[in-house]
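Take a look at the structure below.
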Amino acid sequence: MAPFIIDGKGIAERIQEELKPRIAYLSAKNFQPGLAVVLVGDNPASQVYVRNKEKACAKLGIASFKYHLPGDVKPEEIFDLVEQLNQDTRIHGILVQLPLPPQILEKEVLYRISPDKDVDGFHPYNLGRLMIGDPIFLPCTPWGVQELLLRSQIEVEGKNVVIVGRSNIVGKPLAMILVQKAKGANATVSICHTRTPNLLEHTRRADILVAACGVPEMIKGDMVREGVVVVDVGINKVGDRLVGDVEFESVSRRASFITPVPGGVGPMTIAMLMANTVKAAERFYTRQTGEFCPGA
Ligand code: GUN
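In our numbering, the protein residues as written are 7 to 302.
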């Protein structure tokens, strides 16, 4: 039977709709959430992602502040900018688009972002909070994967989730999210990577397979069992085709649910970024006024 194609775009739109009353509440108090987006250099994919994030802000009435620095920028200039954004009271979330050029050590930048404004959830403070099961800001893409499953009524509890890819942005934080003793989690999680021998043996055991390895169409139909749920986090350009990390044709013949590329996980990342920005703004507002935000 043909699989159910998970409509990430539709689910992402619904999540953004749900943010509107929370933004309106703040707006009625003359308070507008603000997101700073820092882009360094001219990576074409990064430019597209940043533009999509700005568009999402505009649609929701979140103020966005874009900072575009040249690719040969000195590390100190980025550090100074981050410090300035940490202090700026119009800005509640800071996103530095990755990857950064080779002369900049990513962690040197990410560690300087105030954990209170860390809407990417990449700061060690927020990753540590996630690990001990008391998160504040979850990284957007893995949180989006969890929400996609939750809102598609796909039970995660007790399932074998196999993640292919161990990045700090997706693979590792997703494993941390799904392994927690919490609603929408309680899974048995394996993380596979380039040094995993016999990858097939792992992927074939998956009830839910998440592909986040960054290799175009690496997951083939014979690597999954009948009825598997497949979440494809990859976005790769092959010639003029946009493909995921999953070979859609062969895998969809065996899957019960599958996310498309584009229109699957991609829009969810942006929706969760908007959710984190609203949350950061609400937390700021509450710290400033002592007043609780009802939607938070
Ligand atoms: N590059 C790829 N994904 C992401 C993301 O979620 N956040 C940032 N800042 N950069 C990225």
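The C-beta atom is built at its ideal place from N, Cα and C for all residues, glycine as well. Note that the structure is predicted; figures quoted are calculated from it, not measured.
Mind checking which residues open and close the beta strand (DSSP E) that includes residue 247?
-> Residue 247 -> beta strand (DSSP E) spans 247–249.
Relative to the ligand GUN, is the shortest distance from any of its heavy atoms to the C-beta of residue 154 smaller than 8 angstroms?
-> The nearest non-hydrogen atom of the ligand GUN is 8 angstroms or more from the C-beta of residue 154.
Check whether the Cβ of residue 52 sits closer than 8 angstroms to any heavy atom of the ligand GUN, and report yes or no.
-> Checking every heavy atom of the ligand GUN against the Cβ of residue 52, one is found closer than 8 angstroms.
Classification of residue 298 by the beta-carbon crowding that lies within 10 angstroms, buried from 16 upward | With fewer than 16 Cβ atoms within 10 Å of its Cβ, residue 298 is classed as exposed.
Check whether the Cβ of residue 126 lies closer than 8 angstroms to any heavy atom of the ligand GUN, and answer yes or no.
-> Yes, the Cβ of residue 126 comes within 8 angstroms of a heavy atom of the ligand GUN.
On the DSSP bridge assignment, give the partners of residue 198 in chain order.
-> As a beta-bridge residue in DSSP terms, residue 198 pairs with 170.
Rounded to whole angstroms, what's the CA-CA distance from residue 184 to residue 79? Just pull it up for me.
-> Distance between the alpha carbons of residue 184 and residue 79: 38 angstroms.
Use the C-beta contact count for residue 36: other C-beta atoms within 10 angstroms, 16 or more gives buried, fewer gives exposed.
-> So residue 36 ends up on the exposed side.
C-alpha distance - residue 253 paired with residue 122, whole-angstrom precision | So the two alpha carbons sit approximately 39 angstroms from each other.
Out of curiosity, what's the CA-to-CA distance linking residue 150 and residue 161?
-> As the crow flies, the alpha-carbon of residue 150 is around 15 angstroms from that of residue 161.
Beta-carbon separation (whole angstroms), residue 283 vs residue 41, contact threshold 8 angstroms = Rounded to whole angstroms, the Cβ separation of residue 283 and residue 41 is 5 angstroms, and the two are in contact under 8 angstroms.
Could you check which residue in 131, 209 and 152 has the C-alpha nearest to that of residue 142?
-> Scanning 131, 209 and 152 for the CA closest to the CA of residue 142 turns up 131.
In chain order, which beta strand (DSSP E) runs of at least 3 residues are fully inside the segment 117–195?
-> Here the runs fully enclosed are 166–170.
Determine the closest residue to residue 216 out of 232, 180, 206 and 187, with distance taken between C-alpha atoms.
-> Checking every option, the nearest Cα to that of residue 216 belongs to 180.
Coarse secondary structure for residue 18, derived from DSSP in three states = Residue 18: helix per DSSP, three-state reduction.
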